[in-house]
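To start, the structure itself, in structure tokens.
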Amino acid sequence: MESPVYNNGVIVKVTNTHDPYVFRSGLDIDYTKYNGIEVKMKVEGAAQLAEVYYFTADKGSFNAEQRLSFQVKNDGKFHTYVLDLAGAGEYKANLKGIRFDIGSAVGDVITIEYVKAIQTSTRVVPFKLDKTFHTYPDKLHQEFRVIATSEASNIQNIGFEAAFEKKNVAKIQYRDKNGVGTDISKMDSESVEYIAFDIKKAGVIGFIIPPDGSTKSVVVTEEGSKYVLRQYANLSKNTFKRMDEESFGNRLYTDTSHSFDGIDKAAYLERNPLNDINILDSNANARFVQYDHLRGAYRFTMDGSNFNKAYYREPDKHYTATIKIKSDGNDRDFYIWMNTDAGGLECAGILDDTKTLIPIPMQVCKNFKGEIEEPFYDPIDPAYGDTFFPLRLNANEEAEFTLLNLYQNWGNYPLKQLSSIQFHISYYHLSTGVTESNCIAPYFVYGKDGWTLPDFRGASGIMWDSQPQFNSVGRLYFLSYQKDTKIGSEYTGSYIRSAGQTYVDMDYSYISDCGSYKYTLRHVEFPQLDENRTYYSLSLEFLKNLTIDNVREDFTIFAFDGRFTYFKQTGYLDKDNNPKVERVDTLAPGTRILTLGKEKPYFSYFDLHNGESVMNFGFILKNSNITIGGKKFNGNFAFRDSFDGSLNTGAITLDLGKTTFKKGDMIQMDFILLPYGSHHDKHDDNVRMVREDSALNPLKMEAITGSVVQDAFLPRIKCENNMAEFRITGGRNNNVVRIDGFTNIKKPRIYELVDGEYVPYEYSVHEYDGYSVHFNMDGTYSFSFVFEMESPFSERVFKIEN
Numbered sequence: 000m001e002s003p004v005y006n007n008g009v010i011v012k013v014t015n016t017h018d019p020y021v022f023r024s025g026l027d028i029d030y031t032k033y034n035g036i037e038v039k040m041k042v043e044g045a046a047q048l049a050e051v052y053y054f055t056a057d058k059g060s061f062n063a064e065q066r067l068s069f070q071v072k073n074d075g076k077f078h079t080y081v082l083d084l085a086g087a088g089e090y091k092a093n094l095k096g097i098r099f100d101i102g103s104a105v106g107d108v109i110t111i112e113y114v115k116a117i118q119t120s121t122r123v124v125p126f127k128l129d130k131t132f133h134t135y136p137d138k139l140h141q142e143f144r145v146i147a148t149s150e151a152s153n154i155q156n157i158g159f160e161a162a163f164e165k166k167n168v169a170k171i172q173y174r175d176k177n178g179v180g181t182d183i184s185k186m187d188s189e190s191v192e193y194i195a196f197d198i199k200k201a202g203v204i205g206f207i208i209p210p211d212g213s214t215k216s217v218v219v220t221e222e223g224s225k226y227v228l229r230q231y232a233n234l235s236k237n238t239f240k241r242m243d244e245e246s247f248g249n250r251l252y253t254d255t256s257h258s259f260d261g262i263d264k265a266a267y268l269e270r271n272p273l274n275d276i277n278i279l280d281s282n283a284n285a286r287f288v289q290y291d292h293l294r295g296a297y298r299f300t301m302d303g304s305n306f307n308k309a310y311y312r313e314p315d316k317h318y319t320a321t322i323k324i325k326s327d328g329n330d331r332d333f334y335i336w337m338n339t340d341a342g343g344l345e346c347a348g349i350l351d352d353t354k355t356l357i358p359i360p361m362q363v364c365k366n367f368k369g370e371i372e373e374p375f376y377d378p379i380d381p382a383y384g385d386t387f388f389p390l391r392l393n394a395n396e397e398a399e400f401t402l403l404n405l406y407q408n409w410g411n412y413p414l415k416q417l418s419s420i421q422f423h424i425s426y427y428h429l430s431t432g433v434t435e436s437n438c439i440a441p442y443f444v445y446g447k448d449g450w451t452l453p454d455f456r457g458a459s460g461i462m463w464d465s466q467p468q469f470n471s472v473g474r475l476y477f478l479s480y481q482k483d484t485k486i487g488s489e490y491t492g493s494y495i496r497s498a499g500q501t502y503v504d505m506d507y508s509y510i511s512d513c514g515s516y517k518y519t520l521r522h523v524e525f526p527q528l529d530e531n532r533t534y535y536s537l538s539l540e541f542l543k544n545l546t547i548d549n550v551r552e553d554f555t556i557f558a559f560d561g562r563f564t565y566f567k568q569t570g571y572l573d574k575d576n577n578p579k580v581e582r583v584d585t586l587a588p589g590t591r592i593l594t595l596g597k598e599k600p601y602f603s604y605f606d607l608h609n610g611e612s613v614m615n616f617g618f619i620l621k622n623s624n625i626t627i628g629g630k631k632f633n634g635n636f637a638f639r640d641s642f643d644g645s646l647n648t649g650a651i652t653l654d655l656g657k658t659t660f661k662k663g664d665m666i667q668m669d670f671i672l673l674p675y676g677s678h679h680d681k682h683d684d685n686v687r688m689v690r691e692d693s694a695l696n697p698l699k700m701e702a703i704t705g706s707v708v709q710d711a712f713l714p715r716i717k718c719e720n721n722m723a724e725f726r727i728t729g730g731r732n733n734n735v736v737r738i739d740g741f742t743n744i745k746k747p748r749i750y751e752l753v754d755g756e757y758v759p760y761e762y763s764v765h766e767y768d769g770y771s772v773h774f775n776m777d778g779t780y781s782f783s784f785v786f787e788m789e790s791p792f793s794e795r796v797f798k799i800e801n
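In numbering that gives the first Met the number 0, the protein residues as written are 0 to 801.
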């Protein structure tokens, strides 16, 4: 793509900007003499993680098994890194090739001074360790895996260790076969049920040992100034072959009481699970397996579906299991885990014994087989679809419920859901039915690259032949500014209002690395079929004064690039509020800053170059409310349009020069992100259409009975005496309305005004589906359901009661 450039002793040649990496093959390095590599390099930009791929003579080429990762410093200074290839577990023949994958964000620069083979003096332990936290709202389990990287023999012990300074420990208590004790010298190591430490000025921290046979013994010793706890795994062998493994774990208990009563009770309940559990009915071969002590949940299994089967052959089928559980003489809070081998599981619901939908939050987790994100720890990478939810039973209470595992439709419309998906980083997954619509990576994709929406798919593209999915658009970023270096943000948490079945509504929040501002992004989706209108709200507050020398150039509210291709045309609303389309000058890379009009401004990129696997993109601003220096900002937004010779980058900022944002200043924006179309499209008509139905003529609600609840995107009303009437205008395609304030959860009766009369609104396929029920913190309930708007000039009137 460009000729080599020599500067300051470094030769630079760009050959391709997609998934940048550098490699060297044709090597023949004796593995018996050299067991590692040393690399000296500097990193500038956002990159924090490096991946090294290598291959040996017995493998023949780069592969997913021979790789390791390490942290890099992105301070622009040279650092030396020593990498132990032998410790990676696949190094038994001469080294033939090595490859570095470092960084992916625009502007990342990696300079390598040298790479050389070395012999390290490190004594390699022939095991890798894996620690998993199984987290619940009220408890935490930790599971330890040890996996052999090569053959090993005469292994005596494998275990977990924790140490506490004696001066911080007020007292200790344990329970073993002899009962409760406090003298650690008398603790029976092979029958420990729990061991707990009362930490001064903090509370109790303890370890509940599972009775599943995975633990051999637990000991506590005094070693110098510390108490040291060691939990030893009950090894099934002392000779290991490569990839043999052992697992053990504990429940990590904490409270602030300085009393051991809490852990004593929790340990009893944890080690004595319920057993009066029965499957009453199922259309999916459901069965109860056991209480999983390491994971901390009651495990069930059932059959599942897949994308094509659910989309084409059985869109209305729900996989069901009716379960009855009876408590013992104790009040219990516990968790159900329905485990399937179906990676296409999207959503779930639960019915009570009257087959009424109840508002218990359901967490769905899934994995697609074959992506092998962790080639050593998870080389088989099996598909799974898991559903988790909590239950509370009083002493001797009995509960009967029906679990619904959902794939495609919920009533007369596709479901909309938020779940998690296995990736190399924490990852939310959203879909319309089984068709993926979005993924959110709140910790970003590769280190601090800022890439937040990595699988953002439109509904107006070309559906794949292989499965009901669409292409993904490029990379999307939020909030950063430039001051010597790029200042990004740290994720601080999420809040999920609705994970399905009718709509998704969640917040995820950040604080800037400099501590100058914090912000929350709200993400809303409806089960739309013509376009994937992804509704966003930004709420930013400045925590202290921040001066930016040139806001137009250095402050980014939102940015987008095509990742591995470029667009030949761009569109935007000019400062006179006229829609414009212009060709990108691909022969003259550079940046221009365009003042946008105030009447719902937008920008778009389309007309793809080699973009058969990508989509076009549009950004549409609906509303904004900004204060700068304590005063309302009435200026314009600006579109920063860049082309670097291989990628377009479009960014939204404020049309300002040097500006001081003062403590308490706010930036609030509502906008729509739109992936659309395909490489065939030479226009941005889709963006203009969505601007019409979501910004110029958006959904609006008028209350007839009840009171409107203001919301940026979701039509919402509070009922009166368990009844509401309302008129909705604007919008297009499938949308959702939420009605608050009901005092019971029985299925609502919904009517639509047709020719002057209310007639039943048909929204269900099964008696229980087609709507969602939500619990509110004031003790009331809300219902939501899907409706379709033919055009932004349509009108519909509904009544709901129960």
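All C-beta atoms in this analysis are idealised placements derived from N, C-alpha and C, irrespective of residue type, glycine included.
Taken through DSSP and simplified to helix, strand or coil, F712 comes out as coil.
In this structure, the alpha-carbon of Y90 lies about 37 Å from that of E489.
Cβ-Cβ distances below 6 Å link S508 to T491, G492 and T519 in the same chain, with the five nearest sequence neighbours on each side left out; the list follows chain order.
With a minimum length of 4 residues, there is no unbroken run of alpha helix (DSSP H) contained wholly in the region 695-765. Sequence-distant partners of L698 (beyond 5 residues in either direction) whose C-beta falls short of 7 Å from its own C-beta, in its chain, are P714, I727, G729, G730 and N734. In this structure, G676 lies near N615, with their beta-carbon atoms less than 7 Å apart. For I627, the pairing in a beta bridge is given by DSSP as K630. Rounded to the nearest whole angstrom, the CA to CA distance from S536 to L392 is 39 Å. Exclusion of the five residues before and after Q70 leaves Q47, L48 and A49 as the residues of its chain whose Cβ lies within less than 8 Å of its Cβ.
The Cβ neighbour count for A498, taken over all protein chains shown within 10 Å, is at least 16; the residue is labelled buried.
When M776, Q568, R144 and V580 are compared, the shortest CA-CA separation from L293 is found for R144.
From the listed residues G158, P125, H140 and E160, the smallest Cα separation to S149 is found for P125. Relative to the Cα of L82, the nearest Cα in the group T119, K72 and G96 belongs to T119. DSSP, read as helix, strand or coil, puts M688 in helix. By the neighbour-count criterion, in which 16 or more other beta carbons inside 10 Å mark a residue as buried, F660 falls on the buried side. Of the candidates I117, D137, L595 and Y571, I117 places its Cα closest to the Cα of Y80. By the Cβ-count criterion, D548 is exposed, with fewer than 16 other Cβ atoms from all chains shown falling within 10 Å of its own Cβ. Boundaries of the beta strand (DSSP E) around A637: F636 to F642. In the DSSP assignment, E269 falls outside any beta strand (DSSP E) and lies within the alpha helix (DSSP H) extending over D260 to R270.
Boundaries of the beta strand (DSSP E) around E112: V108 to I117.
Excluding its 5 nearest sequence neighbours in each direction, L67 has C-beta neighbours in its own chain below 6 Å: V51 and A87, listed in chain order. For R456, the three-state secondary structure derived from DSSP is strand. For the pair I749 and Y767, the CB atoms are not nearer than the 7 Å cut-off.
When the alpha-carbon of D777 is set against those of F375, S771, T742 and P791, the nearest one is in T742. With fewer than three CB-CB distances shorter than 8 Å, the region 304-311 does not count as touching the region 320-331. In this chain, the alpha helix (DSSP H) harbouring V550 covers V550 to D553.
In chain order, S515, Y516, F660, K661, K662, G663, D664 and M665 place their CB closer than 8 Å to the CB of F541, counting only its own chain and leaving out the 5 sequence neighbours on each side. Straight across, the Cα-Cα distance linking V218 with E269 is about 20 Å. Taking all protein chains shown into account, D291 has 16 or more neighbouring C-beta atoms within 10 Å of its C-beta and is therefore buried. If you draw a straight line from the Cα of Y297 to the Cα of S790, it comes to about 48 Å. Each of D506, G106 and R532 was checked against the Cα of R521, and the nearest Cα belongs to D506. Contact check for F299 and L390: beta-carbon distance about 12 Å, past the 8 Å limit, so the pair fails to qualify.
Under the three-pair Cβ rule at 8 Å, the region 472-491 counts as touching the region 452-461. Residue environment: M242 is assigned as exposed (fewer than 16 neighbouring CB atoms within 10 Å of its CB, all protein chains considered). In the three-state reduction of the DSSP assignment, K681 falls in the coil class, being assigned neither a helical nor a strand state.
Note: D327 is not bridge-paired with any residue in the DSSP secondary-structure output.
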